[in-house]
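> Heads up: the sequence shown runs through residues 1 to 207, numbered per the working numbering.
Here a beta-carbon is modelled for each residue, glycine too, at the ideal position from N, C-alpha and C.
Quick one: this structure, given as structure tokens, is what I'll be asking you about.
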Amino acid sequence: MLGYYNYTVVLTYVGMLSSFLGITLAMGGNLGAALLCLMFSGFCDMFDGKVASTMERTPAQKRFGIQIDSLSDLICFGVLPSVIVFQLNPANKLTGLISSIYLLCALIRLAYFNVDEEERQSQTQEARSVYKGLPVTTAALILPGLFCLHGLVQQMKLELLGPVLLVCMGLAFLTPFHLKKPGNLGKVVLVVAGVAELLLLTVGAGV
């Protein structure tokens, strides 16, 4: 079978499958469960690089890892968020247009990241410390956060704020500002924030 098979890609595959499940749930109208799938995919993505660093890989395996990670990210943090927001108001053509443009922004950013990362790894073996633009993986925290706020402030209109959020994230994906990669403390903060969102979504406050 084509591909490279080792434990370093397992989390990536699990995250992608979780997001596919989320897509089917969102299309069926179960946005709360779809958001949980999105957050789980974000959790998998947070640690798949750490797992990959524990194994000595060939150059071909490293390049495969870059490609498979970005392809998975497109489904997890491109397709799934766009489907969730689209399902907030599927009859609205503007919502559909914004969702598709968001997905295009995610695609462009991920393709650019692949090129940039391959060039960077050809020059140094050090781990990446700075991102250019907002990583698409932040959708796993930002979008559920919007639904949690809606659960606390019922006056918020998700069918309006959802597309606005996608526009902001799409622009941030393509804007070449430098963003420092979070260290261990930053990851702890992200996990705590994710757990808080998870609790709100689980009890139904954000759905």
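Using 8 Å as the limit for Cβ to Cβ distance, is GLY3 near chain B?
Looking for chain B here will not work: only one protein chain is present.
> How many angstroms separate the CA atom of TYR4 from the CA atom of LEU35?
About 30 Å.
> Could you check what DSSP says for GLY206 in three-state terms: helix, strand or coil?
Summary for GLY206: the model assigns pLDDT 43, below 50, so the residue's position carries little reliability; its value from the coordinates is reported in the next sentence. If DSSP states are grouped into helix, strand and coil, GLY206 belongs with coil.
> Go ahead and label ALA26 buried or exposed: buried means 16 or more other beta carbons lie within 10 angstroms of its beta carbon, across all protein chains shown.
Label assigned to ALA26: buried.
> Per DSSP, which one or two residues make a beta bridge with VAL132?
At residue 132 the sequence reads Lys, which differs from the Val that was named. Paired residues: HIS178.
> Assess, as a yes-or-no matter, whether the stretch 60 to 69 is touched by the stretch 1 to 17 under the definition of 3 or more beta carbon pairs within less than 8 Å.
Enough Cβ pairs lie closer than 8 Å, so yes.
> Can CYS76 and MET16 be called in contact, C-beta distance under 8 Å?
Yes, the pair counts as a contact, with Cβ atoms nearer than the cut-off.
> Taking THR8 as the reference, give the member of PHE47, GLY22, PHE40 with the closest Cα.
Out of PHE47, GLY22, PHE40, PHE47 has the C-alpha closest to the C-alpha of THR8.
> Round the Cβ separation of LYS180 and VAL130 to the nearest angstrom and send it over; I've been treating them as touching at under 8 Å.
Contact flag correct, Cβ pair sits at about 6 Å.
> The alpha helix (DSSP H) that contains MET268, what's its start and end?
In the structure as shown, the chain begins at 1 and stops at 207. Residue 268 is therefore absent and cannot be evaluated.
> What three-state label does DSSP hand PHE89 in the structure shown?
Note that residue 89 is Asn in the sequence shown, not Phe. Three-state result, ASN89: coil.
> For SER72, collect the residues of the same chain with a Cβ closer than 7 Å to its Cβ; drop the 5 residues on either side in sequence, then sort them by chain order.
Excluding sequence neighbours, SER72 sits near THR12, GLY15, MET16.
> State buried or exposed for PHE177, treating a residue as buried only when at least 16 other CB atoms are found within 10 Å of its CB.
Label assigned to PHE177: exposed.
> Going by beta carbon distance, what residues of the same chain come within less than 6 Å of MET55, once the five residues before and after it are set aside?
Contacts found: THR8.
> With a Cβ-Cβ cutoff of 8 Å, do SER122 and LEU166 count as a contact?
For SER122 and LEU166, no; Cβs fall outside 8 Å.
> By Cβ distance, which residues of its chain are closer than 8 Å to ILE142, with the 5 residues on each side in sequence left out?
Closer than 8 Å at Cβ, skipping near neighbours: LEU165, MET169.
> Check whether the stretch 182 to 192 touches the stretch 111 to 120, counting contact only when three or more Cβ pairs, one atom from each stretch, lie closer than 8 Å.
The answer is no - the stretch 111 to 120 does not touch the stretch 182 to 192, with fewer than three Cβ pairs under 8 Å.
> Can you tell which of GLY28, PRO163, PHE64 has its C-alpha closest to the C-alpha of LEU2?
Here the closest residue by C-alpha is PHE64.
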